[in-house]
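Visitor: Using our numbering, read the sequence shown as starting at 12 and increasing by one per residue.
Every residue, glycine too, gets a C-beta built ideally from N, C-alpha and C.
Bear in mind the structure is a predicted one, so any value in this text is a computation, not a measurement.
My structure is below; once you've seen it, I'll send some questions.
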Amino acid sequence: MSRNYIKHQIERIKRAIESEKEKIADCRENIASVRIRKKRRAESYSYSIKSTSSSSTKANIRSSRADEWKEFSRIIDVEKDKITDSRERISKYREDLKREREKLKNHWEN
């Protein structure tokens with residue numbers, strides 16, 4: 012392997028790590044937006060419950076809120092799983108980076 016090839020591999024791995032970091036940032040933004048939506052919906056539900064006099068309507072509102080909360084939790088869990096996956100890939104890329112740098116170092120010594 013030529014030195015240029017090894018250097019190219021190192022740059023490719025660095026770009027891959029940066030890409031994964033961007034994915035993590037996007038996931039964090041998605042989680043934040045879901046939490047904001049959840050907060051706004053909580054305020055809306057609170058108002059709906061207070062303004063409704065019928066107990067059956069209140070029960071329906073509470074039921075729909077529970078379903079929506081489960082959906083918010085599911086979305087957040089999916090985003091957290093994506094973050095975990097990206098972190099694992101970053102760890103693997105860093106190991107690859109170490110190996111490539113070692114190859115380059117050995118190549119220079121030879």
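Report the rounded CA-to-CA distance for Asp78 versus Ser64, giving the unit in angstroms.
Guide: Each residue's alpha carbon lies about 22 Å from the other.
Visitor: My output table needs one value for Ser65: the three-state DSSP class, helix, strand or coil.
Guide: In the structure shown, Ser65 sits in coil (DSSP, three-state: anything other than H, G, I, E or B).
Visitor: Check whether the region 84-97 touches the region 12-20, counting contact only when three or more Cβ pairs, one atom from each stretch, lie closer than 8 Å.
Guide: They do not touch, by the three-pair rule.
Visitor: From Asn117, Arg51, Tyr104 and Lys116, pick the residue whose C-alpha is nearest to that of Lys32; which is it?
Guide: Of Asn117, Arg51, Tyr104 and Lys116, the residue nearest in Cα terms is Tyr104.
Visitor: How many Å lie between Glu57 and Thr68 at the Cα?
Guide: The residue asked about is misnamed: residue 57 is Ser in this sequence, not Glu. Looking at the two C-alpha atoms, the distance is approximately 13 Å.
Visitor: What do you get for Glu40, buried or exposed, if any count of 16 or more other CB atoms within 10 angstroms of its CB means buried?
Guide: Classification for Glu40: exposed.
Visitor: Cα separation between Ile72 and Asp88?
Guide: Going by the C-alpha atoms only, they are around 24 Å apart.
Visitor: At which residue ranges does the region 35-109 contain complete alpha helix (DSSP H) runs of 4 or more residues, listed in the order of the chain?
Guide: If we require 4 residues or more, the region 35-109 turns out to have no alpha helix (DSSP H) run fully inside it.
Visitor: Short check: CB of Glu113 to CB of Ile21, under 7 Å?
Guide: No, these two residues do not count as a Cβ contact at 7 Å.
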